[in-house]
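The structure appears right after this line, and notes come after that.
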Amino acid sequence: MVKQVNRRTVLAGAGAAATSLATGASSVRAADPVKVGVLFPLTGNAAAAGQASKAAVEIAAEIVNDAHPELVGIPLAKDAGIPGLGGAKLELVFIDHQGNPSVAQQQALRLINQDKVNVLLGAYQSSCTLTATPVAERNGIPFVVGDSAAGNITQRGFKWLFRVTPIASDFAAAYMTFFADMNKAGHKVASVAVVNENTDYGTSVGDAVEAAAKKAGLTVSNRIPYSASTTDVSAQVLQLKDKNPDVVIFISYTADAILYMKTMKNLDYMPAMVLGDDSGFSDPSFIPAIQDIAQGVMNRSAWDIGKPGSTTSKINDMYKGKTGRDLDDTSGRNMQAMLTLADALNRAGSVDPAKIQAALIATDLKPEQLMMGYRGVKFDETGQNILASTYLIQLKGKDYKVVWPDANATEKLVWPMKGWKA
Amino acid sequence: MKGTIALCLAFLAYPFVFSNAFYLDIGVALLLAAISASAWNIVGGYAGQVSVGHCMFFGVGAYLPLLVYQHWQLPPIVGVPVGIAISLVLAVLVGLPTFRLSGHYFSMATIAVAELIRLVVSTWDFAGAAIGLQGPAVGRGWYDLTFRGELPYYFIFLGVLVIVLAVTWQVQRTRFGYYLRAIKAGERAARSLGVPVRRTKLYALMLSAAFTSVAGSLYAIKTGFIDPDSGFGILVSVQMVIIAALGGAGTLYGPLVGALILIPLQTATNTWFGGGGTGLTYILYGGIIVIIARFEPGGLHEMWQRIAPKLWKRHAA
Numbered sequence: 001m002v003k004q005v006n007r008r009t010v011l012a013g014a015g016a017a018a019t020s021l022a023t024g025a026s027s028v029r030a031a032d033p034v035k036v037g038v039l040f041p042l043t044g045n046a047a048a049a050g051q052a053s054k055a056a057v058e059i060a061a062e063i064v065n066d067a068h069p070e071l072v073g074i075p076l077a078k079d080a081g082i083p084g085l086g087g088a089k090l091e092l093v094f095i096d097h098q099g100n101p102s103v104a105q106q107q108a109l110r111l112i113n114q115d116k117v118n119v120l121l122g123a124y125q126s127s128c129t130l131t132a133t134p135v136a137e138r139n140g141i142p143f144v145v146g147d148s149a150a151g152n153i154t155q156r157g158f159k160w161l162f163r164v165t166p167i168a169s170d171f172a173a174a175y176m177t178f179f180a181d182m183n184k185a186g187h188k189v190a191s192v193a194v195v196n197e198n199t200d201y202g203t204s205v206g207d208a209v210e211a212a213a214k215k216a217g218l219t220v221s222n223r224i225p226y227s228a229s230t231t232d233v234s235a236q237v238l239q240l241k242d243k244n245p246d247v248v249i250f251i252s253y254t255a256d257a258i259l260y261m262k263t264m265k266n267l268d269y270m271p272a273m274v275l276g277d278d279s280g281f282s283d284p285s286f287i288p289a290i291q292d293i294a295q296g297v298m299n300r301s302a303w304d305i306g307k308p309g310s311t312t313s314k315i316n317d318m319y320k321g322k323t324g325r326d327l328d329d330t331s332g333r334n335m336q337a338m339l340t341l342a343d344a345l346n347r348a349g350s351v352d353p354a355k356i357q358a359a360l361i362a363t364d365l366k367p368e369q370l371m372m373g374y375r376g377v378k379f380d381e382t383g384q385n386i387l388a389s390t391y392l393i394q395l396k397g398k399d400y401k402v403v404w405p406d407a408n409a410t411e412k413l414v415w416p417m418k419g420w421k422a
Numbered sequence: 423m424k425g426t427i428a429l430c431l432a433f434l435a436y437p438f439v440f441s442n443a444f445y446l447d448i449g450v451a452l453l454l455a456a457i458s459a460s461a462w463n464i465v466g467g468y469a470g471q472v473s474v475g476h477c478m479f480f481g482v483g484a485y486l487p488l489l490v491y492q493h494w495q496l497p498p499i500v501g502v503p504v505g506i507a508i509s510l511v512l513a514v515l516v517g518l519p520t521f522r523l524s525g526h527y528f529s530m531a532t533i534a535v536a537e538l539i540r541l542v543v544s545t546w547d548f549a550g551a552a553i554g555l556q557g558p559a560v561g562r563g564w565y566d567l568t569f570r571g572e573l574p575y576y577f578i579f580l581g582v583l584v585i586v587l588a589v590t591w592q593v594q595r596t597r598f599g600y601y602l603r604a605i606k607a608g609e610r611a612a613r614s615l616g617v618p619v620r621r622t623k624l625y626a627l628m629l630s631a632a633f634t635s636v637a638g639s640l641y642a643i644k645t646g647f648i649d650p651d652s653g654f655g656i657l658v659s660v661q662m663v664i665i666a667a668l669g670g671a672g673t674l675y676g677p678l679v680g681a682l683i684l685i686p687l688q689t690a691t692n693t694w695f696g697g698g699g700t701g702l703t704y705i706l707y708g709g710i711i712v713i714i715a716r717f718e719p720g721g722l723h724e725m726w727q728r729i730a731p732k733l734w735k736r737h738a739a
């Protein structure tokens, strides 16, 4: 086979040669650990989520570093360490960016210049991811984003950024596919209402859902932004009651989600379905507060504990042993990001940043290799995982059960929801 | 004078002694904190009008460069003079009614106005609403001031700090400065002696607002991102007050001294203890502030003035 030689291939060859020369001295010996800098908000408003994610990433490192043959399917679980790097272990360097974008930027600099990390992972809040990733980009260090969902993170033409998590537009697309399935099954979904808290999370997801609904030909009967610290939502619920959409989609934090459910009961308003967008609906305190009045409420999650004895159930046991809680969706997405990174490190066979970058670009994980309910992990040229997806879950009794898509469903969907009439 | 020269030399030498990007970045953060605290110091320190809403000027200064970039693809620096102009107007609008209040009431009014602006900005789509605004991730040219390294920022920030301190020094030794100190000592007494109190306070606020706005612009251009909390959040104001009070409010070098202590302390505690996620950072940080407030309420500047003569005496003996 004759390969056409042009300027680009020559340059690429020269570049590769130069890199291998330059890194000859620094390439790791057999068991030198791979340093991963992890940026999370360990204090401040989002401390709870940051701490939970920290524990999840630590479990991911444990899965890679120790032999866990019982975790069938998970890459690198079987043997101790990373085989492609001569059994090297992952060494995590955690930093606390406090949810402050400028601290995130400064600490990313520190991880690269002081701690000499080989790769970065983080950073929960989209604002912090937006300021920390350019540092990695300028220094040529791969940055794996576990859970920040803002669309523009991958729209800046960065070459060193890889985002494993689904983003707002993915969730919105999943909801629309679900509604189409419902219409096929004879459950009418012609109009939806979008109720969102008014900070960056609610606004960005709300915008994506509204746009997707309009594109799918659905009527958006109401778009109601509100402040999550509010103590009265009667006016908002009455607006919903007035327009009576088929489905109400809530993008809410915890206290406000509970308040909405209670107010809807008080004002005797129940749509055919309430669909929560993770966050407040996934908070451990949500179910006990509303289980008697909101039976059948739906939520999204890419994480499902699964049946006892399954790989996901075993991972959940490890997490529960460490923290005393079940693994949640957000932390699970960070754990999946860490495992994805470990798989790439193994294939890179070197800690040379360019080799890790190339391995990340070549990532192609299948659903059975994942702990999360994505359709796989494969990055497009912007670094976004194009196979990221989510399950939809429904509250039955005291637990959420996976009800959609059908292939992953553990229980049958109940439509319409029963609410307080269960 | 000798001290000033030594300080200048130390700041000029710092980037060459600590050339590592992380240390340089701490230097940049320190300079920025010193600039904003020194700007606050003009009205909060010299005139004794404790504004806890200075983030409104910081936020305006921070938003404008990124707004002109976002909407018209202009270099962010174009937004700096616009930010100053808006901050000046804002200072007049806020200053005229609130300067009728004194003491705690003035502080509370400034907090209220700043919070109001934060809420409006976080729902205003043109300003990026709750999601915030981004600067150029990779500079299109030198005029975008998006540098790969920290060194250019260090010297730009240092230059601005020198200007702010030079203006403050000039204020201090003119009639205007004496008016400010007279107002701080007793507003009624000052008025009875013929000091044009309202006008003087307003000019001080405008001068302070303009510099605070520049500090905000520098922050946004360097960080490349701004959202309502990092621009208009109350912690932005509180940091200016704490730094100035720590070093010595109403003195020329007070805010700089405060920044010299607080910023490395903040970074060091976060670097050493932050990864543990125990919140030890805040405990240490808060503890030191409490100790200083308890034993040295006048700030380190006052402590130095008390200790220094004793030291010289010992040397002499």
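Protein sequences, first through last, are from chains A and B.
If you read the first sequence in the numbering used here, its first letter stands for residue 1, the second for the next number, and so on.
If you read the second sequence in the numbering used here, its first letter stands for residue 423, the second for the next number, and so on.
Backbone N, C-alpha and C define an ideal beta-carbon position, used for all residues, glycine too.
By how many angstroms is the C-alpha of residue j removed from the C-alpha of residue i?
i, j, result
"D79/A", "E62/A", "11 Å"
"A451/B", "L161/A", "26 Å"
"I729/B", "V593/B", "27 Å"
"L567/B", "P574/B", "9 Å"
"I386/A", "I710/B", "49 Å"
"L90/A", "M335/A", "13 Å"
"G385/B", "I59/A", "Since the displayed chain B opens at 423 and closes at 739, residue 385/B lies outside it and no answer follows."
"N6/A", "A455/B", "Its pLDDT being 49, under 50, N6/A is placed unreliably by the model, and the measurement read from it follows with that caveat. When rounded, the distance between both Cα atoms is 52 Å."
"A172/A", "A213/A", "8 Å"
"L92/A", "P225/A", "39 Å"
"S234/A", "N196/A", "15 Å"
"L674/B", "G680/B", "11 Å"
When DSSP labels each residue in this structure, what does residue i get in the three-state scheme?
i, result
"D566/B", "helix"
"M335/A", "helix"
"A193/A", "strand"
"G608/B", "coil"
"Y675/B", "coil"
"K401/A", "strand"
"N45/A", "coil"
"K378/A", "coil"
"K78/A", "coil"
"K732/B", "helix"
"M423/B", "coil"
"W415/A", "coil"
"D207/A", "helix"
"F162/A", "strand"
"M298/A", "strand"
Taking a contact to mean a Cβ-Cβ separation below 8 Å, would you say residue i touches residue j in this structure?
i, j, result
"A302/A", "Y391/A", "yes"
"I508/B", "V490/B", "no"
"P166/A", "A388/A", "yes"
"S204/A", "G146/A", "no"
"F187/A", "W420/A", "The sequence as given places His at residue 187/A; Phe does not occur at that position. Contact: no."
"G209/A", "Y175/A", "According to the sequence as given, residue 209/A is Val; it is not Gly. Result yes, Cβ atoms of V209/A and Y175/A sit closer than 8 Å."
"R110/A", "F444/B", "yes"
Which residue comes first and which comes last in the alpha helix (DSSP H) that contains residue i?
i, result
"Q236/A", "234-243"
"V450/B", "443-463"
"M176/A", "168-184"
Considering just the uninterrupted stretch of the beta strand (DSSP E) at residue i, what are its terminal residues?
i, result
"F94/A", "90-96"
"F40/A", "34-40"
"G122/A", "119-122"
Should residue i be flagged as near chain B, meaning a C-beta pair shorter than 8 Å?
i, result
"T154/A", "no"
"P134/A", "yes"
"Q236/A", "no"
"V93/A", "yes"
"P101/A", "yes"
"D96/A", "yes"
Strictly under 8 Å for the Cβ-Cβ distance: is residue i near chain A by that measure?
i, result
"R570/B", "yes"
"L722/B", "no"
"L479/B", "It is worth fixing the name first, because residue 479/B is Phe in this sequence and not Leu. Not closer than 8 Å to any Cβ of chain A, the Cβ of F479/B fails to qualify, so no."
"I713/B", "no"
"Y378/B", "Examination of residue 378/B is not possible in this model, given that chain B is present from 423 through 739 alone."
"F548/B", "no"
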